[in-house]
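Each remark here refers to the structure printed beneath this line.
Number of protein chains: 2
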Amino acid sequence: MELLENRIAKDGTVKEGNVLKVDSFLNHQMDIGLFNEMGKELKRLFSDRKITKILTIEASGIAIAAVAAQYFDNVPVVFAKKSQSINLDGSVYSTKIRSFTHGREYDVIVSKKYLSPEDHILVIDDFLANGCAIEGLIEIIKESGATIEGVGIAIEKGFQDGGKKLRESGVNLHSLAIIDSMDASTGKINFRHL
Amino acid sequence: MELLENRIAKDGTVKEGNVLKVDSFLNHQMDIGLFNEMGKELKRLFSDRKITKILTIEASGIAIAAVAAQYFDNVPVVFAKKSQSINLDGSVYSTKIRSFTHGREYDVIVSKKYLSPEDHILVIDDFLANGCAIEGLIEIIKESGATIEGVGIAIEKGFQDGGKKLRESGVNLHSLAIIDSMDASTGKINFRHL
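Respectively, the protein sequence lines represent chains A and B. Numbering follows this note's numbering, in which position 135 of the first sequence is assigned residue number 159; successive positions increment by one, without gaps. Numbering follows this note's numbering, in which position 134 of the second sequence is assigned residue number 158; successive positions increment by one, without gaps.
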C-alpha cells in the first residue's frame, strides 16, 4: 500500500537491532485518517471472505482494528488481553506469547463468550515480525472452533520469518507494507512489492 | 446518552463490589457502531472547544478515542502507555497511577514528542470511577504545557468520587452515561440525568 509505505519512509526511524519506530503515526500517536485508508485497503484485500468478527491484541492493534471494522459492516472487534484481569470471568481461552520487544513472556486471554464455532475471524495487528503474537491468536481461534478467514497486518518485517511461516502454513495473510531490509546507519528502508 | 444507557441496562452485568461488566460491547468485545454514535455525541458536547489532539490510555480507551477522532476532523490520537517499552525513547512524561481494578500501581508514559504547549487536548476514556487514571493524564498534560479542553467519558460511576473531584477542580467533564447506583442482587442500574 503506497500511502503507508510513503509514510513509513517519511516518518519511520530505523534503529539498531532491526527496530523500526513508527510511533509518530501508528503505535503511540495515531493518524486516524491513515487508519481509514488502511481499513479500506484491508476490506479490498479480504473482500472475498465473509467476516463476522475482527480479533486483535492490545494495545497497538486496537485502533487499527476498530477503524477497519467500519469497512466490514461494523462487525464486532474483540481484543485479546495481555494479562488476567479480575474483571474478566474465569472462562477464557488463553495462550502464552513471547515478546521480543519487551523481552518477556505473557499470558494472552480472550473470553470464551466472544469466540464461537459460528464466527469467521479476521485477525488484525500493527506489526508482524517473528509471528509469535499472531500464532498465539490463531491458537486461541482454533481452540474456539471459529474459522480463521485471514490475517491483516499493517507492517511486516519481511526479513524476519513470521510471515513466511504463516504463509507456508496456509494462512491467508496480507500485509499492507512489507519491509525487505532496513539500515540503521543510512535510515534506508526497502519495501517488497509482490 | 440514551443509546448507551439502554445498552448498559440491556447487556451490562452488575457484580458484587460495585463492578459493572460491559465487556460484551465496550471493553473486550467492542460495538463499533455504538462507538460511532458515542463519537458523534462527544463532538456535540465539546463542539465549543478547539481540539487539536485526543489523549487516551491503553487499552480500553483506545478504540473509543480512535473512532471518536473521526468526528473531530481526524485529529491525532495519542495513547498513554502503561509501562516502559524499550521501543520508546527515554524522553517521556510519566506518572504513577493506582488501579483498583487490578490492585496495583503502574507507570504511565507519553512521549514528549506528542504533547506540546500548542496542543489543545480532549481526554477520552471508557470508565471514570475514583478518577486516578484521568488525574494521571491531566498531570501529564499540565507537565507538557498543553491546554486541557475537556474530558469525555463513556461510563461514569457517579457513586464514586472521581467525577465530583474533577468537576470541582474546574475540569470540563462530560460523561455519556452516569450511574448513580447499582445493585448486584437485583441487577438494577439507576442512571443520573442532569
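All C-beta atoms in this analysis are idealised placements derived from N, C-alpha and C, irrespective of residue type, glycine included. Keep in mind that this is a model prediction, so the values were computed, not measured.
What are the partner residues of residue i, as DSSP defines its beta bridges?
i       : result
S135(B) : V116(B)
K181(B) : I203(B)
Q53(A)  : V102(B)
R128(B) : S123(B)
D149(A) : I177(A)
V43(A)  : K39(A)
K77(A)  : I145(A)
F215(B) : I203(B)
T210(A) : DSSP lists no partner for T210(A).
L197(B) : V175(B)
To the nearest whole angstrom, what separates the beta carbons of residue i and residue j, a pair I think is in contact under 8 angstroms?
i       : j       : result
Y117(A) : K105(A) : Going by Cβ atoms, the distance from Y117(A) to K105(A) rounds to 11 angstroms, so no, they are not a contact pair.
L152(B) : G186(B) : 5 angstroms
D204(B) : G182(B) : 5 angstroms
M62(B)  : L28(B)  : 6 angstroms
A201(A) : M25(A)  : 6 angstroms
A42(A)  : D150(A) : At residue 42(A) the sequence reads Asn, which differs from the Ala that was named. About 16 angstroms separates the two Cβ atoms, so there is no contact after all.
S115(A) : S140(A) : Actually they do not touch by this definition, with Cβ atoms about 13 angstroms apart.
Counting only the same chain and skipping the five closest in sequence on each side, list residues whose C-beta sits under 8 angstroms from that of residue i.
i       : result
F103(A) : L79, T80, I81, E82, G85, I86, A89
E173(A) : F70, R73, K74, I75, H144, I145, L146, N196
F124(B) : A153, N154, C156
E192(B) : none
A178(B) : L28, L50, M62, I88, D149, D150, F151, S199, L200, A201
Does the ligand SAM have even one heavy atom less than 6 angstroms from the beta-carbon of residue i?
i       : result
V102(B) : Although the ligand SAM was asked about, the structure shown includes no ligands whatsoever.
Determine the burial state of residue i: buried for a count of at least 16 other Cβ atoms within 10 Å of its Cβ, exposed for fewer.
i       : result
L197(A) : buried
Y130(B) : exposed
E142(A) : exposed
S199(A) : buried
H217(A) : exposed
K188(A) : exposed
K77(A)  : buried
Which same chain residues end up closer than 7 angstroms to residue i when comparing Cβ atoms and leaving out the 5 residues on each side of it in sequence?
i       : result
V91(B)  : I56, F59, N60, G63
L190(A) : G155, I158, V175, L197
G160(A) : T119, I121, V132
E163(B) : T119
R31(B)  : F49, L58
Y138(B) : V102
V134(B) : V102, A104, V116, Y117, I164
Closer than 6 angstroms by C-beta to residue i: which residues in its own chain qualify, once you throw out the five before and the five after it? Chain order, please.
i       : result
L66(A)  : A92, G176
E180(A) : L152, G187, S199, I202
Q184(A) : A153, N154
I165(B) : I145, I172
Can you confirm whether the segment 60 to 76 of chain B touches the segment 40 to 47 of chain B when touching is taken to mean that 3 or more C-beta pairs between the two stretches lie within less than 8 angstroms?
no
Looking at C-beta atoms only, is the number of pairs between the segment 91 to 100 of chain A and the segment 95 to 102 of chain B that lie closer than 8 angstroms three or more?
By the Cβ test, the segment 91 to 100 of chain A is not in contact with the segment 95 to 102 of chain B, since fewer than three Cβ pairs between them sit closer than 8 angstroms.
Check whether the segment 30 to 38 of chain B and the segment 208 to 217 of chain B touch, using three or more Cβ-Cβ pairs below 8 angstroms as the test.
yes
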